[in-house]
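A short write-up of the structure that comes next.
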Amino acid sequence: MQLKDKVAVVTGGGRGLGRAYCEALAAEGALVVAADIRDTADTVATIEAAGGQAVGTHLDVAEMDSCQAMADLALEKFGRIDVVVNNAALFGDISGGRFDQIPEDQWDAVMQVNIKGVWQCCKACVPALRQAGAVPSSISRPWRRNTAWRSAWITPCRKRR
Numbered sequence: 002m003q004l005k006d007k008v009a010v011v012t013g014g015g016r017g018l019g020r021a022y023c024e025a026l027a028a029e030g031a032l033v034v035a036a037d038i039r040d041t042a043d044t045v046a047t048i049e050a051a052g053g054q055a056v057g058t059h060l061d062v063a064e065m066d067s068c069q070a071m072a073d074l075a076l077e078k079f080g081r082i083d084v085v086v087n088n089a090a091l092f093g094d095i096s097g098g099r100f101d102q103i104p105e106d107q108w109d110a111v112m113q114v115n116i117k118g119v120w121q122c123c124k125a126c127v128p129a130l131r132q133a134g135a136v137p138s139s140i141s142r143p144w145r146r147n148t149a150w151r152s153a154w155i156t157p158c159r160k161r162r
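The sequence shown begins at 2 in this note's numbering and counts up one residue at a time.
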């Protein structure tokens, strides 16, 4: 990979796959902004302990002001944004029922994060990305399984695909 000194913003960077993205990007020489609604201190500490550079920030992708603050921090700390990895996602509490049993407020919360959150993060970062950036959006494969309760997960994954 040609990531040395590239600035990578990773949403959902506090744990799981997002943290793995942060660590892998840093291992390839990227300067990382780990952004998450959860704490990112462990992600940043791991990267710095390995000799990389990272900054963590609180991010709620459902809030445009939070997305803009993340982009502003990346620009303030590193001067540019080269890559945005849209990894933040919400599955919600919808795993036990059928499509027609999902409460509207839970459906709306999943769409707010998994669809609108991607758009908001891209919108906040696009002025900097116009210089030569890339925007990978991670999706998973539950849409391949025919399970009724996955409908709120499938919809955003298909739209982002």
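Glycine included, every Cβ here is placed at the ideal spot set by N, Cα and C.
Specify the secondary structure class of residue i as computed by DSSP and reduced to three states.
| i | result |
| --- | --- |
| VAL136 | coil |
| GLN125 | The question names Gln, but residue 125 in the sequence shown is Ala. Helix, per DSSP. |
| GLY32 | Note that residue 32 is Leu in the sequence shown, not Gly. In the structure shown, LEU32 sits in a strand (DSSP, three-state: E or B). |
| VAL10 | strand |
| ARG131 | coil |
| LEU26 | helix |
| ILE103 | coil |
| LYS5 | coil |
| ARG16 | coil |
| ARG159 | Note on ARG159: pLDDT 45, under 50, position unreliable in the model; the coordinate value appears next. Looking at ARG159 - three-state DSSP - the assignment turns out to be helix. |
| ALA21 | helix |
So, under 8 Å CB-CB, residue i and residue j are touching, yes? Tell me the CB distance rounded to an integer number of Å.
| i | j | result |
| --- | --- | --- |
| CYS23 | ALA55 | 7 Å |
| ALA36 | VAL10 | 6 Å |
| MET71 | ALA125 | 7 Å |
If you compare alpha carbons, which of the options is closest to residue i?
| i | options | result |
| --- | --- | --- |
| ARG20 | ASP6, THR58, GLU77 | THR58 |
| LEU4 | GLY13, LEU74, VAL33 | VAL33 |
| ALA28 | ALA36, VAL8, GLY13, ILE38 | VAL8 |
| VAL84 | ILE116, ALA70, ARG16, ALA31 | ALA31 |
| GLY53 | PRO128, ALA90, ALA25, GLY17 | ALA25 |
| ILE38 | ILE103, GLN102, VAL114 | VAL114 |
| ASN87 | LEU60, GLN102, ILE48 | LEU60 |
| ALA89 | ALA129, ALA63, ALA135, PRO128 | ALA63 |
| ALA110 | CYS126, ALA125, PHE92, ASP73 | PHE92 |
| ASP73 | CYS122, LEU18, ARG16, GLY13 | CYS122 |
- [ ] Ignoring anything shorter than 4 residues or poking outside the region 35-98, list the alpha helix (DSSP H) runs there in chain order.
- [x] 42-50, 65-79
TODO: Count the C-beta pairs between the region 41-49 and the region 62-80 that are closer than 8 Å, then say yes if the count reaches three, no if not.
DONE: no
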